[in-house]
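Novice:
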Amino acid sequence: AWVHGDPRKVIYPTDSYGQFCGQKDTLNENKTILFYFNILKCASPVVLINLQCPTTQLCVSKCPDRFATYIDVQASYRYKPDQWNYFRQFCKPGFNNPRKSVAQVLRDEDCPSMIIPSRPFLKRCFPDFSTKNGVLTVANQTTFKDGRGKTRNVTDLREAANGINNVLDARSVGMKIFEDYAISWYWILIGLFIAMVVSLLFLVLLRFTAGVLFWIFIFGVIGIIGYGIWHCYWEYDHLKGIPGSDLTVYDIGFQTDFRVYLQLRQTWLAFMIILCVVEVIIILMLIFLRNRIRIAIALLKEGSRAIGYIMSTLFYPIVTFILIAICISYWAVTAVFLATSGEPVYKVMANQTLCKYANLTCDPETFNTTNVTKLCPGSQCTFAFYGGESLYHKYIFIFQLANAFVFLWLVNFAIALGQCTLAGAFASYYWASRKPADIPLWPLFSSFGRAIRYHTGSLAFGALILAIVQLIRVILEYLDHKLKGTQNSFTRFLLCCLKCCFWCLEKFLKFINRNAYIMIAIYGKNFCTSAKEAFFLLMRNVVRVAVLDKVTDFLLFLGKILVAGGVGVLAFFFFTQRIPVFAHEAPTLNYYWVPLLTVIIGSYLVAHGFFSVYAMCVDTLFLCFCEDLERNDGSTAKPYFMSASLHRILGKKELSPKKA
648 AWVHGDPRKV IYPTDSYGQF CGQKDTLNEN KTILFYFNIL KCASPVVLIN
698 LQCPTTQLCV SKCPDRFATY IDVQASYRYK PDQWNYFRQF CKPGFNNPRK
748 SVAQVLRDED CPSMIIPSRP FLKRCFPDFS TKNGVLTVAN QTTFKDGRGK
798 TRNVTDLREA ANGINNVLDA RSVGMKIFED YAISWYWILI GLFIAMVVSL
848 LFLVLLRFTA GVLFWIFIFG VIGIIGYGIW HCYWEYDHLK GIPGSDLTVY
898 DIGFQTDFRV YLQLRQTWLA FMIILCVVEV IIILMLIFLR NRIRIAIALL
948 KEGSRAIGYI MSTLFYPIVT FILIAICISY WAVTAVFLAT SGEPVYKVMA
998 NQTLCKYANL TCDPETFNTT NVTKLCPGSQ CTFAFYGGES LYHKYIFIFQ
1048 LANAFVFLWL VNFAIALGQC TLAGAFASYY WASRKPADIP LWPLFSSFGR
1098 AIRYHTGSLA FGALILAIVQ LIRVILEYLD HKLKGTQNSF TRFLLCCLKC
1148 CFWCLEKFLK FINRNAYIMI AIYGKNFCTS AKEAFFLLMR NVVRVAVLDK
1198 VTDFLLFLGK ILVAGGVGVL AFFFFTQRIP VFAHEAPTLN YYWVPLLTVI
1248 IGSYLVAHGF FSVYAMCVDT LFLCFCEDLE RNDGSTAKPY FMSASLHRIL
1298 GKKELSPKKA
């Protein structure tokens, strides 16, 4: 990829001669936009973007801003030279012969037969479509001359116009979103900083008030959802009687201005129903799991005590984030180089529809010496796309899969390294006879060193197994996308079953790997042995796994939701200027939901980073506890390593004190 790839093929459009538009130190340095001689030959915007439109493509400095035809410009070039000079910039470089007959010019495609007002998008000239009173127009005109003696209606471009307008609407929305980010980025960072402080504060307080805080988590989530239900009902009731509010989403169709949907009663009714269902589910789960929640809270107190002694673990997710960011960057750059490693492919472009050489590959250097120009007058050898017929180019898709596989492997390895490092640090806390006196100095750094020095192979092997399953899932998703239009119900059923099976297998492997890494951190054995021992240890304590591990995950998830929801509510009131103190500070936005969603999602990810350390701590302590019960009996010879509070939590009576 690095040898054959050329990212300029993505950055710059390519003209019919295989030259990049806008590339520095070339003749096209100031010509950054691609212009199509006859856009009527382009069936859809997809064809335009892929550079496979069967018409001459030329690099220009700006798009046309007026209607003009070559016939009219040629007829008046003597007394209106300005018009000729303007039109000539859209002809082939060096062409300046207005005396050449129109038929020959159009045959040789020296100049376009017409130009129409256009605007650049994706560095290409697209017709400047707009609607006026529901009628499709170009520069407020409904007709234009095609340069071949006919007056045509703008609706002749309808097929391309429909797709282009959708793209341009998306561009408009994208520009507004970009403007919102440019105005509100400072406040978004403040919101994420608040989320980080709140997450850290909760984790620090968990050491002392785990029970109280988690009940606050639970009732806080219920309260936030309850407020959401009330707000949806208020909006639903407030819109009653307002003209147009009783329309359905189906009636108005897709709108690029999403605020339109918030003016419909149906939208708020749907939000209210969804929130009510979520609220009922959470309340029912709390009722039936109330006793198990008490046990899980007690285990979390032990986990918070461990984190209190090893506070540096809270910041380890930053290391994992940096490693994953490096993996993503490497994969993305390599994928771009692979995608741009094709060679220029030139094809015969003939004006005659019966030319047998049309669309065949050609060599621009020797094209004029062949018989093609004689058999098909006016034909040209023009650039079509990037590709190739060599062995390397035939297997680019396979190389992309290999690149994706390496990406999955590296990401899983980075995650495995983090899990093993944290497990080693928390295991050193659990197996210390006297806490905190016997906890080793710099436990996190020592655990990271052990993982790198001794366990790299085991972590890489576990990541490899998971990466293989994930790659198979990617391939299945690709096949499902390709076969979506097929009518073979058996094939679709088989693909659905395979996707479901491999999804379950991936979840199972993640669970096994996580606990295998804990056993590796404790004993230092290889991956297979550790995975087997962890699996059978968990099977012998399957009830405790269900009661403690999963309920703990649920409580931590509620904590993430509370942090994200609380900061999200604060951001909602701020960006909608409903906080009187900060009303003048809040920026004026096109879509207030842009920074709002960014803050909510970012806050959830920030909380997830800190709470994932807590989850790893609880999982490690739980596995150590199960191992402690099987290795020791509480006697003087074999005392338990667990704390006295953990004894009481899990119903184990200590038979004798631990060794001093």
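Counting from 648, one number per residue, gives the positions in the sequence shown under the working numbering.
A virtual CB, placed ideally from N, CA and C, is assigned to each residue, including glycine.
Is it true that the CB of residue 1098 sits closer than 8 Å to the CB of residue 1060?
Specialist: Position 413 of the sequence shown, counting from 1, holds the residue named residue 1060. Position 451 of the sequence shown, counting from 1, holds the residue named residue 1098. Their beta carbons are not under 8 Å apart, which means residue 1060 does not touch residue 1098 by this criterion.
Novice: What span of residues does the beta strand (DSSP E) with residue 771 cover, start to end?
Specialist: Counting from 1 along the sequence shown, the entry for residue 771 is found at position 124. Residues 771 to 774.
Novice: Would you mind working out which of 670, 685 and 1242 sits nearest residue 679, comparing C-alpha positions?
Specialist: Taking the first residue of the sequence shown as 1, we reach residue 679 at position 32. It is 670.
Novice: Is any non-hydrogen atom of the ligand ADP found closer than 7 Å to the C-beta of residue 1125, if you look at the structure I gave you?
Specialist: In the structure on display, the ligand ADP does not appear, and there are no ligands present to speak of.
Novice: In terms of residue numbering, what span does the beta strand (DSSP E) encompassing residue 792 cover?
Specialist: Start at 1 with the first residue of the sequence shown, and residue 792 comes out as number 145. Residues 790 to 792.
Novice: Applying the 10 Å Cβ sphere with the 16-neighbour rule, what's the burial state of residue 661?
Specialist: The count along the sequence shown starts at 1 and reaches residue 661 at position 14. Label assigned to residue 661: buried.
Novice: Anyone know if the C-beta pair for residue 1275 and residue 1288 falls short of 8 Å?
Specialist: On the sequence shown, residue 1275 is found 628 positions in, with the first residue counted as 1. On the sequence shown, residue 1288 is found 641 positions in, with the first residue counted as 1. Closer than 8 Å, so yes.
Novice: Give a yes or no on whether the C-beta atoms belonging to residue 1236 and residue 1242 are separated by under 8 Å.
Specialist: Translated into the one-based positions of the sequence shown, residue 1236 becomes position 589. Translated into the one-based positions of the sequence shown, residue 1242 becomes position 595. It is a contact, given that the beta carbons lie within the stated cut-off.
Novice: Which of helix, strand or coil does DSSP assign to residue 1147?
Specialist: For this step, residue 1147 is matched to residue 500 along the sequence shown. Here residue 1147 sits in helix by DSSP.
Novice: Buried or exposed: residue 1175, going by 16 or more other Cβ atoms within 10 Å of its Cβ?
Specialist: In the sequence shown, residue 1175 corresponds to position 528, counting from 1. Burial call: exposed.
Novice: Alpha carbon to alpha carbon, what distance is there between residue 1029 and residue 1007?
Specialist: The residue given as residue 1007 occupies position 360 in the sequence shown. The residue given as residue 1029 occupies position 382 in the sequence shown. So the alpha carbons of these two residues sit roughly 11 Å apart.
Novice: Sort out for me which residues DSSP pairs residue 996 with in a bridge.
Specialist: Locating residue 996 in the sequence shown gives position 349, counting from the first residue. According to DSSP, residue 996 bridges with 1027.
Novice: Specify whether the region 922 to 942 and the region 1054 to 1068 touch according to this definition: at least 3 beta carbon pairs, one from each stretch, less than 8 Å apart.
Specialist: Not touching, per the Cβ criterion.
Novice: Return the bridge partner residues of residue 683 from the DSSP annotation.
Specialist: Working through the sequence shown from its first residue, we reach residue 683 at position 36. 704, per the DSSP bridge assignment.
Novice: Buried or exposed for residue 716, going by 16 or more other Cβ atoms inside 10 Å?
Specialist: Sequence index remark: in the sequence shown, residue 716 carries index 69 (1-based). Per the 10 Å Cβ criterion, buried.
Novice: Given a threshold of 16 other Cβ atoms within 10 Å of its Cβ, counted over all protein chains shown, does residue 654 qualify as buried or as exposed?
Specialist: Sequence index remark: in the sequence shown, residue 654 carries index 7 (1-based). Residue 654 is exposed by the Cβ-count criterion.
Novice: Report the residue from 957, 713 and 866 whose alpha carbon sits nearest the alpha carbon of residue 1084.
Specialist: The residue labelled residue 1084 in the question sits at position 437 within the sequence shown. Closest by alpha carbon: 957.
Novice: Alpha carbon to alpha carbon, how far is residue 950 from residue 1201? Give it in angstroms, no decimals.
Specialist: Mapped onto the sequence shown, residue 1201 falls at position 554. Mapped onto the sequence shown, residue 950 falls at position 303. One C-alpha to the other measures close to 15 Å.
Novice: Excluding the 5 residues flanking residue 785 on each side, which residues of the same chain have their C-beta closer than 7 Å to its C-beta?
Specialist: Translated into the one-based positions of the sequence shown, residue 785 becomes position 138. Counting only Cβ-Cβ distances below 7 Å, and skipping sequence neighbours, we find 763, 764, 774, 775, 776, 791 and 801.
Novice: What do you get for residue 1161, buried or exposed, if any count of 16 or more other CB atoms within 10 angstroms of its CB means buried?
Specialist: Within the sequence shown, the letter at position 514 stands for residue 1161. Classification of residue 1161: buried, given that the 10 Å Cβ count is 16 or more.
Novice: Check the C-beta distance from residue 1077 over to residue 1252 and give it rounded, since I have them as a contact under 8 Å.
Specialist: The sequence position of residue 1077 within the sequence shown is 430, counting from 1. The sequence position of residue 1252 within the sequence shown is 605, counting from 1. About 29 Å; that fails the 8 Å criterion.
Novice: Could you tell me which residues DSSP puts in a beta bridge with residue 782?
Specialist: As a working mapping, residue 782 is identified with position 135 in the sequence shown. BP columns for residue 782 point to 779.
Novice: Taking all protein chains shown into account, do 16 or more other C-beta atoms lie within 10 angstroms of the C-beta of residue 919, making it buried, or fewer, making it exposed?
Specialist: Taking the sequence shown and counting its residues from 1, one reaches residue 919 at position 272. Under this definition residue 919 is a buried residue.
Novice: Answer yes or no: do residue 1265 and residue 841 have a C-beta to C-beta separation smaller than 8 Å?
Specialist: For the purposes of this step, residue 1265 is identified with residue 618 of the sequence shown, where counting begins at 1. For the purposes of this step, residue 841 is identified with residue 194 of the sequence shown, where counting begins at 1. No.
Novice: In whole angstroms, what separates the C-alpha of residue 697 from that of residue 721?
Specialist: Position 50 of the sequence shown, counted from the first residue, corresponds to residue 697. Position 74 of the sequence shown, counted from the first residue, corresponds to residue 721. The predicted model places residue 697 with a pLDDT of 40, which falls under 50 and marks its position as unreliable; any figure quoted below should be read in that light. Roughly 33 Å separates the two Cα atoms.
Novice: Could you check the C-alpha separation between residue 1135 and residue 1045 for me, to the nearest Å?
Specialist: Indexing the sequence shown from 1 puts residue 1135 at position 488. Indexing the sequence shown from 1 puts residue 1045 at position 398. Each residue's alpha carbon lies about 27 Å from the other.
Novice: State buried or exposed for residue 924, treating a residue as buried only when at least 16 other CB atoms are found within 10 Å of its CB.
Specialist: By one-based count along the sequence shown, residue 924 stands at place 277. Residue 924 comes out exposed.
Novice: Tell me whether residue 1016 is buried or exposed, calling it buried when 16 or more other Cβ atoms sit within 10 Å of its Cβ.
Specialist: The residue you call residue 1016 lines up with position 369 of the sequence shown. Exposed: under 16 other Cβ atoms inside 10 Å.
Novice: Specify, as a first and last residue, the run of the alpha helix (DSSP H) that residue 964 falls within.
Specialist: Translated into the one-based positions of the sequence shown, residue 964 becomes position 317. That run of the alpha helix (DSSP H) goes 963 to 986.
Novice: Please look up how many angstroms separate the CB atoms of residue 648 and residue 981, rounded, as I've assumed it's under 8 Å.
Specialist: One-based indexing of the sequence shown puts residue 648 at position 1. One-based indexing of the sequence shown puts residue 981 at position 334. With 8 Å as the limit, residue 648 and residue 981 qualify as a contact, their Cβ atoms being about 5 Å apart.
Novice: Taking just the CA atoms, how far does residue 839 sit from residue 1249?
Specialist: For the purposes of this step, residue 1249 is taken as the residue at position 602 of the sequence shown. For the purposes of this step, residue 839 is taken as the residue at position 192 of the sequence shown. Those two C-alpha atoms are separated by around 6 Å.
Novice: Assuming residue 1094 and residue 1075 form a contact by the criterion Cβ under 8 Å, report the distance between their Cβ atoms to the nearest whole angstrom.
Specialist: In the sequence shown, residue 1094 corresponds to position 447, counting from 1. In the sequence shown, residue 1075 corresponds to position 428, counting from 1. Their Cβ separation, rounded to whole angstroms, is 7 Å, which keeps residue 1094 and residue 1075 in contact under 8 Å.
Novice: Please state whether the Cβ-Cβ distance between residue 849 and residue 1206 is less than 8 Å.
Specialist: The count along the sequence shown starts at 1 and reaches residue 849 at position 202. The count along the sequence shown starts at 1 and reaches residue 1206 at position 559. Taking 8 Å as the Cβ cut-off, residue 849 and residue 1206 qualify as a contacting pair.
Novice: Counting only the same chain and skipping the five closest in sequence on each side, list residues whose C-beta sits under 6 Å from that of residue 1290.
Specialist: Locating residue 1290 in the sequence shown gives position 643, where the first residue counts as 1. Excluding residues within five positions, none has a Cβ falling inside 6 Å.
Novice: According to DSSP, simplified to helix, strand and coil, what is residue 1008?
Specialist: The residue given as residue 1008 occupies position 361 in the sequence shown. Three-state result, residue 1008: strand.
Novice: For residue 1166, collect the residues of the same chain with a Cβ closer than 6 Å to its Cβ; drop the 5 residues on either side in sequence, then sort them by chain order.
Specialist: The sequence position of residue 1166 within the sequence shown is 519, counting from 1. Excluding residues within five positions, the ones whose Cβ falls inside 6 Å are 1177, 1180 and 1181.
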